[in-house]
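The opening residue of the sequence shown carries number 78 in this note's numbering; numbering runs sequentially from there. Ideal Cβ placement from N, Cα and C applies to all residues, glycine included.
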Amino acid sequence: MNQPITDLSAASCPPAQLRALIESRRAVRRFTSEPVPDAVIRDCLELAVLAPNSCNLQPWSFQVIRDPALLARLHPVCMGQHAARAPLIIAVLARPDTWRQACANIVEYWPEAEVPQRIRHFYRKTAPFQYNQGWCGWRGLFKRQLVRLLGLRRALMRTPNSQAQMRLWAVKSTALAAENLMLAFQSHGYSTCPMEGFDEVRLRRVLSLPRKAIPIMLLAVGKPGEKAVYNPRLRFPLEQHVEWL
Numbered sequence: 078m079n080q081p082i083t084d085l086s087a088a089s090c091p092p093a094q095l096r097a098l099i100e101s102r103r104a105v106r107r108f109t110s111e112p113v114p115d116a117v118i119r120d121c122l123e124l125a126v127l128a129p130n131s132c133n134l135q136p137w138s139f140q141v142i143r144d145p146a147l148l149a150r151l152h153p154v155c156m157g158q159h160a161a162r163a164p165l166i167i168a169v170l171a172r173p174d175t176w177r178q179a180c181a182n183i184v185e186y187w188p189e190a191e192v193p194q195r196i197r198h199f200y201r202k203t204a205p206f207q208y209n210q211g212w213c214g215w216r217g218l219f220k221r222q223l224v225r226l227l228g229l230r231r232a233l234m235r236t237p238n239s240q241a242q243m244r245l246w247a248v249k250s251t252a253l254a255a256e257n258l259m260l261a262f263q264s265h266g267y268s269t270c271p272m273e274g275f276d277e278v279r280l281r282r283v284l285s286l287p288r289k290a291i292p293i294m295l296l297a298v299g300k301p302g303e304k305a306v307y308n309p310r311l312r313f314p315l316e317q318h319v320e321w322l
């Protein structure tokens, strides 16, 4: 998926089309049994990972669950939700533990013949200093004290300096990919429901998740069934959320 830089001024989507797509997305709770084609799943995942993310380290992974037996095991893990009976569920995982391999991948997969020196330096020196928290977090503790001192004289990045901040760092980027994923399925005519209501301990056991992976949602995907949406859409007035400065 490495592509040369294009003319960004030529890339546009008519606002009315984008609005229609976003407004058509609803959290669907009931699905038909119609399977989602592999080609559609792959296309949507390719669009998901085009989401913006921190330092292009892409701290996410996805488990595509189609096996009926495994889906049946997930249903009680999701407390019996109707949405968990979808023909496809994608586990969206934040990965705060993959940054080191990602740094190496950036240099290896760089889309130009020559990797710029600034890129090599950033991913071999700067990024490891920024994201490596050390054994039991000792590096993070050192960095917290360092940035407090240096921050007295100039603006600088103050996080992530702990494992908790690393988890938050990964979740933020992964959430952007999840939104891309939902809109991509919507564009193909498939509805979605992002589920946070699940037993994480049992989920880890059923899916054999890596120890440091963070399941931020289970995304149910499929064609909407009868009474698929429970309630009319409700959003608070924009003025409650926006401050113009």
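Test item: CB-CB of residue i and residue j under 8 angstroms
i: I166; j: A297; result: yes
i: H138; j: L170; result: It should be pointed out that residue 138 corresponds to Ser in this sequence rather than to His. A contact, by the Cβ cut-off of 8 angstroms.
i: Q158; j: G274; result: yes
i: P164; j: V113; result: yes
i: A261; j: L124; result: yes
i: I196; j: A255; result: no
i: Q207; j: M243; result: no
i: R103; j: V278; result: no
i: Y267; j: K300; result: yes
i: T109; j: G228; result: no
i: G217; j: N238; result: yes
i: Y200; j: V184; result: yes
i: S101; j: Q240; result: no
i: L253; j: A128; result: yes
i: L134; j: I142; result: no
i: A204; j: C132; result: yes
i: M272; j: A161; result: yes
i: P136; j: T251; result: yes
i: I168; j: L295; result: Rather than Ile, the amino acid found at residue 168 in this sequence is Ala. In contact: A168 and L295 (Cβ atoms closer than 8 angstroms).
Start-to-end residues for the beta strand (DSSP E) that takes in residue i
i: W137; result: 137-142
Residue i (DSSP reduced to helix, strand or coil)
i: P153; result: helix
i: C90; result: coil
i: V169; result: strand
i: V126; result: coil
i: M234; result: coil
i: N108; result: A quick correction: the sequence has Phe, not Asn, at residue 108. Correct three-state label for F108: strand.
i: P292; result: strand
i: T269; result: strand
i: V306; result: coil
i: A241; result: helix
i: V283; result: helix
i: P145; result: helix
i: A163; result: coil
i: V298; result: strand
i: W321; result: coil
i: D120; result: helix
i: F313; result: coil
i: D174; result: coil
i: L134; result: coil
i: Q158; result: coil
i: V278; result: helix
i: V248; result: helix
- request: At 4 residues or longer, and completely inside the segment 181-228: list those alpha helix (DSSP H) runs for me, N to C.
  value: 194-198, 204-208, 215-227
message: With three or more C-beta pairs closer than 8 angstroms as the rule, is the segment 114-123 touching the segment 88-97?
response: no
- prompt: Three or more beta-carbon pairs under 8 angstroms between the segment 143-157 and the segment 176-192, yes or no?
  reply: no
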